[in-house]
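Notes for the one structure printed next.
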Amino acid sequence: RCDKDPQTTVFENGKSQMGRFSFEVFRFVKHKNQKMSTVFLHCVTKLCRSDDCPLLLP
1 RCDKDPQTTV FENGKSQMGR FSFEVFRFVK HKNQKMSTVF LHCVTKLCRS
51 DDCPLLLP
């Protein structure tokens, strides 16, 4: 089973070639006046057969 932070919401996982999720982020004080900040994500992916992944689905 995949562990996830309680503040992470998974909208789509395994139903198509795309996964969708959201989570809260922060902004560094030096970027407070900018419209956008860059966030880098490091992900671990798991591959499985479609009939063998029920625990990975939201």
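Everything in the sequence shown is counted per full-length UniProt numbering, starting at 1 for the first residue and increasing by one. Quick reminder that beta carbons are idealized off the backbone N, C-alpha and C, glycines included.
If you check the beta carbons only, do residue i and residue j fall under 8 Å apart?
i	j	result
SER37	ARG49	no
PHE23	PHE11	no
Looking at the strands, I want to know which residues DSSP matches up with residue i.
i	result
ARG20	GLU12
So for residue i, helix, strand or coil by DSSP?
i	result
LYS31	For clarity, residue 31 is His in the given sequence; the question names Lys instead. It is helical.
residue 59	Since the first residue of the chain shown is 1 and the last is 58, residue 59 is not available in this structure.
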